[in-house]
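Trainee:
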Amino acid sequence: MAFTTLGTMAQDDAITVDSLNQIKTNEDDLNSRVTTMASIDVPNGGFEVDTDSDGIPDNWSEVSAPSGGSKGIETSAPIQGAQSFYQSRTSGASNHGGVYASDYIPCDEQHVLTIQWLMRASAAGITCKVDLYWYKKDQTACTTASTNAYNSASNPTSNTIKAKTTTPPTDARFFKIRISLTNDTNVAGTVYWDRFTAKTTTVNTVVGYADSSAARPYDRVHINGVLSSPVCTVPASTRYGPTIAGAKAGIVGGGNVVVDLRTSGATGLQVTIALPDGLWTVFAIGSHEWDGTETYWNSLAAVAIREA
Ligand SMILES: [Ca+2]
Ligand SMILES: [Ca+2]
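For reference, each letter of the sequence shown is one residue, going 4 to 311 in the numbering used here.
1) Have a look at D134 and L278 and give me their C-alpha separation to the nearest angstrom.
2) For I182, is the beta carbon positioned less than 7 Å from some heavy atom of ligand 2?
3) So who's on the other strand from P342, going by DSSP bridges?
4) For V234, collect the residues of the same chain with a Cβ closer than 6 Å to its Cβ; drop the 5 residues on either side in sequence, then sort them by chain order.
5) Measuring straight from C-alpha to C-alpha, what distance separates V229 and F286?
6) Could you tell me which of Q142, L116 and Y89 sits nearest to C131, measuring between CA atoms?
7) Spatial neighbours of G75 within its chain, please: CB distance less than 8 Å, with the 5 preceding and 5 following residues excluded, ordered by chain position.
8) Are V52 and D44 touching if we call contact CB-CB under 8 Å?
9) Given the structure, does E51 come close to ligand 1, in the sense that its CB is under 7 Å from one of the ligand's heavy atoms?
10) Using a Cβ-based criterion (distance less than 7 Å to any ligand heavy atom), does Q142 qualify as near ligand 1?
11) Return the chain-ordered list of same chain residues with a C-beta closer than 8 Å to the C-beta of S97, the five sequence neighbours on each side being excluded.
12) What do you get for W293, buried or exposed, if any count of 16 or more other CB atoms within 10 angstroms of its CB means buried?
13) Determine the extent of the beta strand (DSSP E) in which G249 is found, giving its start and end residues.
14) Grab me the residues of T147's own chain with a C-beta within less than 7 Å of its C-beta, minus the 5 sequence neighbours each way, in chain order.
15) Quick check: what's the CA-CA separation for K27 versus G256?
16) First and last residue of the beta strand (DSSP E) that includes E77?
17) From which residue to which residue does the beta strand (DSSP E) around C131 run?
18) Measure the alpha-carbon distance for F6 versus D106 and round it to whole angstroms.
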């Protein structure tokens, strides 16, 4: 029921059934769009709209119909809003509640993806699955066709939030969410789903670490060419030197960042961290230990945390 732009009626034009029906079609279309905006990342992820009342929510499609089971819109005890989606199966080894898939949702490999949803089962032992199916820009399947987000025969029997965080394959530009009630366990029951959301996040970390033996203790941390810690007085004749640490914010990613321990005259232990695009804060910590005669051991660890 797509939206159609209507022309302006003239003073003496007749109001026809067709014109009124077209207004209704447009209202249904707009209602569907407004309602689904509540979870814009997964269209109609809350299952609030089923325009044609066939039990399959708008923006979701039937991959496999139930066999010895059913599916539909739950309105008597929805998990969120006025409607949830349910799948059910009766007892029987091959019975299942079908498979349903969302519309295509854009994604990329640079953004970590977190899928969240609400669910409850009438019987814990039914087998419920959530899978993410990956697609290329032309919406053909990726080499890594899917990632399982949930597969359980021990499901919550009260309303519960679930989540899966994953990084899309490098060639993925779209994904679909698939929900299933399988025949993996021969338990009769119903699963209720609601409020699927897909959040992308740039919050992640990159870690670098190195250690070595060296002729001298290092007394400062440099990050990306900048002195990022106070210069410490490292007593060369004691077994354990002070820990030195520093941080540098606002480092632009998309290249390598060099973190090193050094003394006033020499660059010492070094870690190179390859930062993805973004804005980063790098934290580094170094230490040294002396064996009491002639050998020093040094270590350096650096962590990059994405700011944006
Ligand atoms: Ca809902
Ligand atoms: Ca429908």
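We treat Cβ as the ideally placed atom computed from N, Cα and C, and that holds for glycine.
None of these values were measured; they are calculated from a predicted model.
Mentor: Concretely, from the data shown:
1) 30 Å
2) no
3) Nothing in the structure corresponds to residue 342, since the chain is present only between 4 and 311.
4) D222 and R223
5) 12 Å
6) Y89
7) G58, F88 and Y89
8) no
9) yes
10) no
11) S70, G71 and N186
12) buried
13) I247 to V255
14) W137 and P172
15) 51 Å
16) G72 to E77
17) C131 to Y138
18) 19 Å
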